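Q: In terms of the working numbering, the sequence shown has 129 at position 120, counting the first letter as 1, and numbering is strictly consecutive. Here you go, one structure.
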Amino acid sequence: MAPDMTSTADHLRNTLDGRWRDVKNEMRIRLADEVFRPHYTPNTVIARAKVVEQMRIMAAAGGADDDFKKEHGGTGDIGAAITRLEMLAMSDLSLMVKAGVQWGLFGGAVENLGTERHHEAYVKKIINLELRGCFAMTETGHGSDVQSLETTATYDAETQEFVIDSATPTARKDYIGGAAETATMAAVFAQLITTEDGKPVNHGVHCFLVPIRDGDANDLPGVATSDNHYKGGLPGVDNGRIVFDHVRVPRDNLLNKYGDVAADGTYSSPIENPNRRFFTMLGTLVRGRITVGGSAGAAARVALDIATRYALQRRQFSAPDEEAEVLIMDYLLHQRRLFPLIARSYALQFAQNELVAKCHDLQTAEAPDAEEQRELESRAAGLKAANTWHASRAIQEAREACGGAGYMAENRLIALRADTECSLPSRVTTTSSPSWWPRNC
Numbered sequence: 010m011a012p013d014m015t016s017t018a019d020h021l022r023n024t025l026d027g028r029w030r031d032v033k034n035e036m037r038i039r040l041a042d043e044v045f046r047p048h049y050t051p052n053t054v055i056a057r058a059k060v061v062e063q064m065r066i067m068a069a070a071g072g073a074d075d076d077f078k079k080e081h082g083g084t085g086d087i088g089a090a091i092t093r094l095e096m097l098a099m100s101d102l103s104l105m106v107k108a109g110v111q112w113g114l115f116g117g118a119v120e121n122l123g124t125e126r127h128h129e130a131y132v133k134k135i136i137n138l139e140l141r142g143c144f145a146m147t148e149t150g151h152g153s154d155v156q157s158l159e160t161t162a163t164y165d166a167e168t169q170e171f172v173i174d175s176a177t178p179t180a181r182k183d184y185i186g187g188a189a190e191t192a193t194m195a196a197v198f199a200q201l202i203t204t205e206d207g208k209p210v211n212h213g214v215h216c217f218l219v220p221i222r223d224g225d226a227n228d229l230p231g232v233a234t235s236d237n238h239y240k241g242g243l244p245g246v247d248n249g250r251i252v253f254d255h256v257r258v259p260r261d262n263l264l265n266k267y268g269d270v271a272a273d274g275t276y277s278s279p280i281e282n283p284n285r286r287f288f289t290m291l292g293t294l295v296r297g298r299i300t301v302g303g304s305a306g307a308a309a310r311v312a313l314d315i316a317t318r319y320a321l322q323r324r325q326f327s328a329p330d331e332e333a334e335v336l337i338m339d340y341l342l343h344q345r346r347l348f349p350l351i352a353r354s355y356a357l358q359f360a361q362n363e364l365v366a367k368c369h370d371l372q373t374a375e376a377p378d379a380e381e382q383r384e385l386e387s388r389a390a391g392l393k394a395a396n397t398w399h400a401s402r403a404i405q406e407a408r409e410a411c412g413g414a415g416y417m418a419e420n421r422l423i424a425l426r427a428d429t430e431c432s433l434p435s436r437v438t439t440t441s442s443p444s445w446w447p448r449n450c
């Protein structure tokens with residue numbers, strides 16, 4: 010038998026990488042390319058242009074194929090898709106967010122909430138970036154409380170169109186990634202209203218495809234976009250606001266897998282209970298929550314790796330009876346500072362691997378079990394909170410453990426801290442909708 014030449018470190022990394030270790034190794038090679046090497050600049054123009062270039066390279070190389078089903082032009086490898094996004098966090102969290110919005114949230118809404126007419130018209134264009142989209146859920150007045158969104162989509166039976174309207178000042182779509190510059194279409198979550206017996210009837214929140222810009226990047230009639238400009242982190246993400254003033258879209262622009270409106274205005278749904286329908290729709294987008302948590306965990310591991318390598322080189326104070334100064338990692342206090350966080354990172358990554366595998370198995374099954382789907386959503390919510398809390402603490406400890414060097418932009422720690430703080434969800438808890446929706450979308 011040939012000797013096993015694999016090192017202990019390789020065995021450990023393969024175990025930590027889990028089921029999609031080959032995807033992670035492939036991404037490590039790709040991210041080593043100069044165009045993907047970690048960088049940091051607070052200049053939003055430069056950072057946004059860099060991310061757009063990286064997205065184009067990814068699309069040309071098939072980097073988004075795993076996100077979509079084979080029958081729609083992809084490969085359908087859900088676990089690989091989530092893993093690729095997690096790995097992007099090791100390069101640039103702005104890139105992870107932009108890719109997650111385009112292919113995970115916007116593309117995921119079209120594929121999972123739409124039907125054949127939407128798949129044929131849009132999915133391939135989303136994969137190759139011919140159609141650039143944004144995920145217009147969060148509003149000025151409603152973030153986590155999705156069920157109470159104020160944007161309306163009122164059906165006009167005479168023209169067979171939906172009228173999309175920001176009915177109140179707080180109905181403005183706010184902090185939407187892609188809305189400031191790049192997106193030409195928005196997946197807009199709004200209250201679907203029809204008329205029955207001459208009276209308006211609200212059927213709850215549904216998703217609509219609404220064009221927002223023309224080919225020359227000008228706002229379309231009735232659409233007003235604006236830029237959130239400089240933020241405390243994620244400079245490569247063009248967060249913006251959208252206001253709709255009675256914008257008309259065809260009836261076919263309703264993503265109608267779970268709720269449809271006939272030409273005459275009759276509403277129908279395969280799920281009769283409005284609450285169950287609402288949570289079923291949101292449940293199909295669980296990958297976004299899994300990805301945000303996994304990316305936070307990846308950012309924490311990068312920070313701890315940087316701090317550990319620094320501690321194995323930096324020396325401070327002489328030891329008794331020795332000429333050389335002591336490595337700061339040899340101080341027990343420094344070990345107690347970093348080692349428990351490293352151990353927690355391992356534990357959280359093993360949990361993340363299991364969650365990704367469960368998501369892949371459920372979303373590629375012909376008939377996924379409803380109870381297992383609910384369990385997946387609960388675990389995704391809990392692990393996302395654990396990962397993001399851990400990232401906040403670990404990155405801060407890593408920065409402090411590097412002393413003054415931790416403040417230098419080239420050492421990445423201040424960017425990791427700023428980007429994770431900017432991309433973590435609001436922790437405001439509501440009773441009508443979960444609090445774990447990403448607020449960077």
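Each residue gets a CB set at the ideal place from its N, CA and C atoms; glycine is no exception. Predicted model only: the values in this text are computed from it and were never measured.
Which residue marks the beginning of the beta strand (DSSP E) containing aspartate 330, and which one marks its end?
A: Neither: aspartate 330 is in no beta strand (DSSP E) and is coded neither H nor E.
Q: Could you tell me the alpha carbon to alpha carbon distance between isoleucine 351 and leucine 422, rounded to whole angstroms?
A: If I take the Cα positions, the gap works out to 16 Å.
Q: In whole angstroms, what separates the C-alpha of asparagine 137 from that of leucine 218?
A: Each residue's alpha carbon lies about 18 Å from the other.
Q: Just checking my contact of serine 120 with valine 132 at CB under 8 Å: how many whole Å lie between their CB atoms?
A: It should be pointed out that residue 120 corresponds to glutamate in this sequence rather than to serine. That belief holds up - the Cβ atoms of glutamate 120 and valine 132 are roughly 6 Å apart, short of 8 Å.
Q: Verify whether the separation of the beta carbon atoms of alanine 192 and glycine 142 is less than 8 Å.
A: Yes; because the gap between Cβ atoms is below 8 Å, this pair is in contact.
Q: Beta-carbon within less than 7 Å of arginine 55's beta-carbon, same chain only, minus the 5 sequence neighbours each way: which residues are those?
A: According to the sequence provided, residue 55 is isoleucine. The question's arginine does not apply to it. The answer is none, since no qualifying residue turns up.
Q: Can you look up valine 437 in the DSSP assignment and give me helix, strand or coil?
A: With a pLDDT of only 38 at valine 437, under 50, the local geometry of the prediction cannot be trusted, and no value is derived from it.
Q: Looking only at its chain, what residues have a beta carbon closer than 6 Å to the beta carbon of valine 210, apart from the 5 residues adjacent to it on each side?
A: Contacts found: Thr203.
Q: Use the C-beta contact count for leucine 21: other C-beta atoms within 10 angstroms, 16 or more gives buried, fewer gives exposed.
A: Exposed.
Q: Distance check for glutamate 139 and methionine 146, CA to CA, integer angstroms please.
A: Looking at the two C-alpha atoms, the distance is approximately 22 Å.
Q: Have a look at Trp29, Asp19, Thr15 and flag the residue whose alpha-carbon is nearest the alpha-carbon of lysine 367.
A: Here the closest residue by C-alpha is Trp29.
Q: Of all the options Ala18, Arg126, Asn420, Arg39, which has the alpha carbon lying nearest to the alpha carbon of lysine 266?
A: The candidate whose alpha carbon is nearest that of lysine 266 is Arg126.
Q: From the DSSP output, in three-state form, read off valine 335 for me.
A: Correct three-state label for valine 335: strand.
Q: When the Cα of alanine 403 is compared with those of Leu357, His128, Ser235, which residue comes out closest?
A: For alanine 403, the nearest C-alpha among the options comes from Leu357.
Q: Output the boundary residues of the beta strand (DSSP E) element that contains alanine 145.
A: Unbroken beta strand (DSSP E) run through alanine 145: 142-145.
Q: As an exercise, report each continuous beta strand (DSSP E) stretch of at least 3 residues that is fully enclosed by the stretch 306-378, in chain order.
A: For the stretch 306-378, whole beta strand (DSSP E) runs of length 3 or above, ordered along the chain, are 324-327, 334-336.
Q: Serine 354 and alanine 309 - do their beta-carbons sit closer together than 8 Å?
A: The answer is yes: Cβ separation under 8 Å.
Q: Report yes if the CB atom of phenylalanine 171 is closer than 8 Å to the CB atom of valine 295, and no otherwise.
A: No, the pair does not count as a contact, with Cβ atoms beyond the cut-off.
Q: Runs of 4 residues minimum, wholly inside the stretch 223-294: which ones carry the alpha helix (DSSP H) assignment?
A: Entirely contained in the stretch 223-294, the alpha helix (DSSP H) runs reaching 4 residues are, in chain order, 283-292.
Q: What first and last residue would you give for the beta strand (DSSP E) that runs through glutamine 200?
A: Glutamine 200 -> beta strand (DSSP E) spans 194-205.
Q: What are the residues that DSSP puts in a beta bridge with phenylalanine 77?
A: Bridge partners of phenylalanine 77: none, in fact.
Q: Please classify glycine 241 as buried or exposed, where buried requires at least 16 neighbouring CB atoms within 10 angstroms.
A: Exposed, by the Cβ-count rule.
Q: For the stretch 240-254 and the stretch 95-109, state whether three or more C-beta atom pairs, one from each stretch, are separated by less than 8 Å.
A: Yes: the two stretches touch, three or more of their Cβ pairs being nearer than 8 Å.
Q: To which residues of the same chain is glycine 82 closer than 8 Å at the C-beta, ignoring the five residues directly before and after it?
A: Contacts found: Asp74, Val132, Lys133, Ile136.
Q: Using three-state DSSP, classify glycine 303 as helix, strand or coil.
A: In the structure shown, glycine 303 sits in a helix (DSSP, three-state: H, G or I).
Q: Inspect the beta-carbon positions of threonine 161 and arginine 181 and report whether they are closer than 8 Å.
A: Contact: no.
Q: Could you spell out where the alpha helix (DSSP H) holding glutamate 62 opens and where it closes?
A: Element bounds for glutamate 62: 53-69.
Q: Would you call the stretch 298-316 and the stretch 380-394 in contact, with 3 or more CB pairs under 8 Å?
A: Yes, the stretch 298-316 is in contact with the stretch 380-394.
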